[in-house]
Amino acid sequence: MIPVERRWEIEESVFIRAAPERVYAAVADVRSMGRWSPECVAVRGVPHGPAPVGARFIGFNRKGPFVWFTGCRVTSAEPGAAFAFRVSTFGLPVALWGYRFAPEEDGTRVTEYWRDLRTGRRGGFTGLLGRVFTGTRPDRRHLANLVGMRATLGRLKQALES
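If you count the sequence shown from 1, you need to add 13 to reach this note's numbering.
What follows is the structure in structure tokens.
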């Protein structure tokens with residue numbers, strides 16, 4: 014296997030011909046995340062509609078034969094500007110996922126970002142759990158997430174521009 018340098022932060026962006034508030038509303042309605050993400054299959058614990066700061070939810074995920082769930086908490090909810098949530102498993106920090114929305118010409122530049130929070134000794138254990146549950150090594154997680162981000166943003170663009 015070719016060695017890969019572990020990356021702790023990544024981001025992808027896309028231009029969508031829709032107002033920032035409309036794009037924000039689609040992303041912040043975390044119950045709909047299964048429509049956009051190739052990995053997230055369902056979200057439970059919050060009603061439909063934009064989730065506020067502090068809202069907690071459970072994300073159910075699938076990648077091939079691997080199925081797992083994560084606990085999530087919304088950390089940023091600024092309509093039309095930013096939305097983010099922290100992900101944990103068994104109470105241990107895993108990642109921060111977020112979106113920035115910037116007005117651009119006749120639409121919005123949406124940037125999705127991911128920050129790996131699996132650091133230190135506890136992070137090593139969380140990385141091991143991640144490999145067991147997702148089938149992805151910690152040093153390759155950013156590669157899987159880049160593929161997922163591109164798919165997520167592409168689906169979001171297609172839905173909002175239709």
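For every residue, glycine included, the Cβ atom is placed at its ideal position computed from N, Cα and C.
Can you check DSSP and say which residues form a bridge with residue i?
i           : result
residue 129 : 108
residue 55  : 73
Do you know offhand how far residue i's Cα is from residue j's?
i           : j           : result
residue 141 : residue 118 : 44 Å
residue 70  : residue 87  : 8 Å
residue 155 : residue 57  : 25 Å
residue 153 : residue 104 : 23 Å
residue 34  : residue 51  : 24 Å
residue 44  : residue 21  : 27 Å
residue 121 : residue 29  : 5 Å
residue 84  : residue 131 : 15 Å
residue 102 : residue 73  : 12 Å
residue 78  : residue 53  : 14 Å
residue 128 : residue 97  : 11 Å
residue 90  : residue 41  : 8 Å
Should residue i be labelled buried (16 or more other beta-carbon atoms within 10 Å of its own) or exposed?
i           : result
residue 138 : exposed
residue 55  : exposed
residue 174 : exposed
residue 145 : exposed
residue 107 : buried
residue 123 : buried
residue 161 : buried
residue 133 : exposed
residue 48  : exposed
Please state the DSSP three-state secondary structure of residue i.
i           : result
residue 35  : helix
residue 41  : helix
residue 22  : strand
residue 139 : helix
residue 145 : helix
residue 30  : coil
May I ask you to verify whether the stretch 164-171 touches the stretch 56-71, counting CB pairs closer than 8 Å and requiring at least 3? no
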